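There are 2 protein chains.
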Amino acid sequence: MVKAEQSPEQSMAAEERILKAATTIFREKGREGARMQEIADAAGINKALLHYYFRSKDLLFERVFIESARLFFSRLNEILQSERDIFQKITQLCDAYISLSVENPFIPVFIIGEMNHSQDIFISKMFTATQTRPDFSIFREQLQAAAAEGMIRPVAPHHLIMNILGLCIFPVIAKPMMQFNMGIGEKEFIAMMEERKRLVPELIISSLKIEKK
Amino acid sequence: MVKAEQSPEQSMAAEERILKAATTIFREKGREGARMQEIADAAGINKALLHYYFRSKDLLFERVFIESARLFFSRLNEILQSERDIFQKITQLCDAYISLSVENPFIPVFIIGEMNHSQDIFISKMFTATQTRPDFSIFREQLQAAAAEGMIRPVAPHHLIMNILGLCIFPVIAKPMMQFNMGIGEKEFIAMMEERKRLVPELIISSLKIEKK
DNA sequence: AATTAGTTTAACCAACCGGTTAACAAAGAT
DNA sequence: ATCTTTGTTAACCGGTTGGTTAAACTAATT
Chain A
0 MVKAEQSPEQ SMAAEERILK AATTIFREKG REGARMQEIA DAAGINKALL
50 HYYFRSKDLL FERVFIESAR LFFSRLNEIL QSERDIFQKI TQLCDAYISL
100 SVENPFIPVF IIGEMNHSQD IFISKMFTAT QTRPDFSIFR EQLQAAAAEG
150 MIRPVAPHHL IMNILGLCIF PVIAKPMMQF NMGIGEKEFI AMMEERKRLV
200 PELIISSLKI EKK
Chain B
0 MVKAEQSPEQ SMAAEERILK AATTIFREKG REGARMQEIA DAAGINKALL
50 HYYFRSKDLL FERVFIESAR LFFSRLNEIL QSERDIFQKI TQLCDAYISL
100 SVENPFIPVF IIGEMNHSQD IFISKMFTAT QTRPDFSIFR EQLQAAAAEG
150 MIRPVAPHHL IMNILGLCIF PVIAKPMMQF NMGIGEKEFI AMMEERKRLV
200 PELIISSLKI EKK
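Chain order of the listed sequences is A and B.
Numbering that gives the first Met the number 0 numbers the first residue of the first sequence as 0 and each following residue consecutively.
Numbering that gives the first Met the number 0 numbers the first residue of the second sequence as 0 and each following residue consecutively.
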């Protein structure tokens, strides 16, 4: 029987080292760019051990991708389904996704890049595997309720979500381009993203408020 | 002498067929994912001919990348440096980038993906080669002037540019994700992007206007 | 001490991939 | 007509890559 989960500490350490190395390298270089030998070297073990623990490159990649996707989407659902009102949720979403993207800049690039290179079947398989399919139902109801009460102007929820994600995540994705043609370094970029934690919710929320002329 | 540009029609056709095939495949699968044999097959020629016209995979890729980047950024400068006022420019930018991204959805993914997998040196080399480095100077002055006149509230130009690009381009980049978890097909997606041609400029411009309480 | 099951490695392999070679066809140039 | 240049191909090459194998090494179990 091959039950890696119940094995002694050392082997757990090996498996974890592999997974950690694979995560780093896959995120950096993508599925095609990553080499199994490179992962093995980074984990400090023999290449054959990769296949002992994770049968193939595809399976190892799948594992890494699923965990990345889970990390990235779990916060989304947590916030969307909390008890807060829409304005608080918007602020939290922006804060969470800017922090997440700045701290792990490779993740959004990785997820988006691989999704665009994969077949749709793979994508749906991924989402069901992660069990982190975003659920907007509560948020959507909140928006409709607020609009009905006249608190905000009516908006299409998917546009709102896309606006938030685009404003928070795009700068990180386009970072190399932005850094180059704005001529800014790492510190200035982080400072700018910190500013956006305030600017983006402000922009979104002000667009929801009913204009008083 | 090897001057492919001045060769007869048939060879031009071959060279163009290669370039067209390479463009399609590189954009779809990325630099690492693309295979020279696949490009040759798609162009309907022998693999050796690829190396005859474009010495190596790297050079072929560079060519494709530069032309993609040029296509993508040339519109940006055209609009930024025109004679229009800032509001017209913002509307034009949104319209242009949504159209461009919807018509060629692979291009933004391609450019951003490859930029994130490349070294900074490569990126600056690319930008100088394309001769399409975005120039915000005029736009920046216009913004300052408008703010000084009290027409708009003062804003940081780079935040504004990032907002516009993020709102227009992100949905296309995240399309497979969005399509899946919103459960929409191709036609609905295009319709949604068409809506955004109106929504995004509205959002941006309203955020610039000085609030009247 | 022998057995057993899990872990780790060196060596190996077939397929693949980017690139080369040499021969050949086509078309001007002389 | 033949010689040179350019376009095109089949076959090949060396290195790399994902993956395998069989044996060695551990560490509990008996």
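Note that the Cβ used here is the ideal one computed from N, Cα and C, for glycine as well.
Every value quoted in this text rests on a predicted model; they were computed, and no experiment measured them.
- Runs of the alpha helix (DSSP H) spanning 4 or more residues and lying entirely within the segment 77 to 146 of chain B occur at 85 to 102, 105 to 116, 119 to 129, in chain order.
- Within 10 angstroms of the beta-carbon of LYS88 of chain A lie 16 or more other beta-carbons, which makes it buried.
- About 33 Å separates the beta carbon of ILE97 of chain A from that of ARG34 of chain A, a gap too long to meet the 8 Å contact definition.
- The continuous alpha helix (DSSP H) containing ILE203 of chain B extends over residues 185 to 207.
- For LYS19 of chain B, none of the residues of chain A pass the 9 Å Cβ criterion, the least Cβ distance being about 20 Å.
- Annotated three-state conformation of ALA173 of chain B is coil, per DSSP.
- For GLU77 of chain B, no chain A residue has a C-beta closer than 8 Å to its own C-beta; the minimum C-beta separation is roughly 16 Å.
- Sequence-distant partners of PHE86 of chain A (beyond 5 residues in either direction) whose C-beta falls short of 7 Å from its own C-beta, in its chain, are ILE204.
- Using beta-carbon distances, SER206 of chain A counts as an interface residue toward chain B, with a partner under 8 Å.
- For ALA39 of chain B, the enclosing alpha helix (DSSP H) has its first and last residue at 35 to 42.
- Any Cβ of chain A closer than 8 Å to the Cβ of MET161 of chain B would place that residue at the interface, and such an atom is present.
- Below the 9 Å Cβ cutoff, chain B contributes no neighbours of GLY149 of chain A, its closest Cβ being approximately 18 Å away.
- Counting every other CB atom within 10 Å of its CB across the protein chains shown gives ILE78 of chain A a total of 16 or more, marking it as buried.
- Using a Cβ distance threshold of 8 Å, ILE160 of chain A and PHE135 of chain A count as a contacting pair.
- Legend: CB atoms of the segment 39 to 61 of chain B lying less than 7 Å from CB atoms of chain A are not found in any residue.
- The three-state reading of DSSP puts ALA21 of chain B in helix, counting H, G and I together.
- Pairwise C-beta distances place the segment 137 to 153 of chain A out of contact with the segment 126 to 140 of chain B, as fewer than three of them are shorter than 8 Å.
- In this structure, the alpha-carbon of MET125 of chain B lies about 41 Å from that of TYR52 of chain A.
- Residues of chain A whose Cβ lies closer than 7 Å to the Cβ of MET176 of chain B are, in chain order, MET114.
- Contacts with chain B (Cβ-Cβ distance below 7 Å) from the segment 124 to 135 of chain A involve PHE126, ARG132, PRO133, listed in chain order.
- Taking the C-beta atoms as reference points, ARG26 of chain B is found nearer than 8 Å to PHE109 of chain B.
- In this structure, SER100 of chain A sits away from VAL199 of chain A, with a CB-CB distance that is not shorter than 8 Å.
- Here the alpha carbons of LEU59 of chain A and ILE65 of chain A stand approximately 10 Å from one another.
- C-alpha of ASP57 of chain B to C-alpha of SER81 of chain B: approximately 35 Å in a straight line.
- Between PHE105 of chain A and PHE169 of chain B, the CB-CB gap reaches or exceeds 8 Å.
- If the five residues before and after GLN178 of chain A are omitted, its C-beta is found closer than 7 Å to the C-beta atoms of PHE188, all from its own chain and listed in chain order.
- Taking a Cβ-Cβ cut-off of 8 Å, the neighbours of VAL108 of chain B in chain A comprise ILE111, GLY112, ASN115, given in sequence order.
- ARG152 of chain A and HIS116 of chain A have their C-alpha atoms some 38 Å from each other.
- Contact of PHE179 of chain B with chain A by beta-carbon distance below 7 Å involves ILE122, SER123, PHE126.
- In this structure, GLY29 of chain A sits near GLU113 of chain A, with a CB-CB distance shorter than 8 Å.
- Within the segment 24 to 39 of chain B, contact with chain A at the beta-carbon level (separation under 7 Å) is assigned to LYS28, GLY29, GLU31, GLY32.
- The C-alpha of CYS93 of chain A is placed about 25 Å away from the C-alpha of THR23 of chain A.
- Interface residue (Cβ-Cβ distance to chain A less than 8 Å): ALA12 of chain B is not classified as such.
- Burial is judged here by how many other beta carbons sit within 10 angstroms of a residue's own beta carbon; ALA42 of chain A has at least 16 and is buried.
- Judged by DSSP in its simplified three-state form, ARG152 of chain B adopts coil rather than helix or strand.
- The C-beta distance from THR129 of chain B to ALA68 of chain B rounds to 5 Å, short enough to meet the 8 Å contact threshold.
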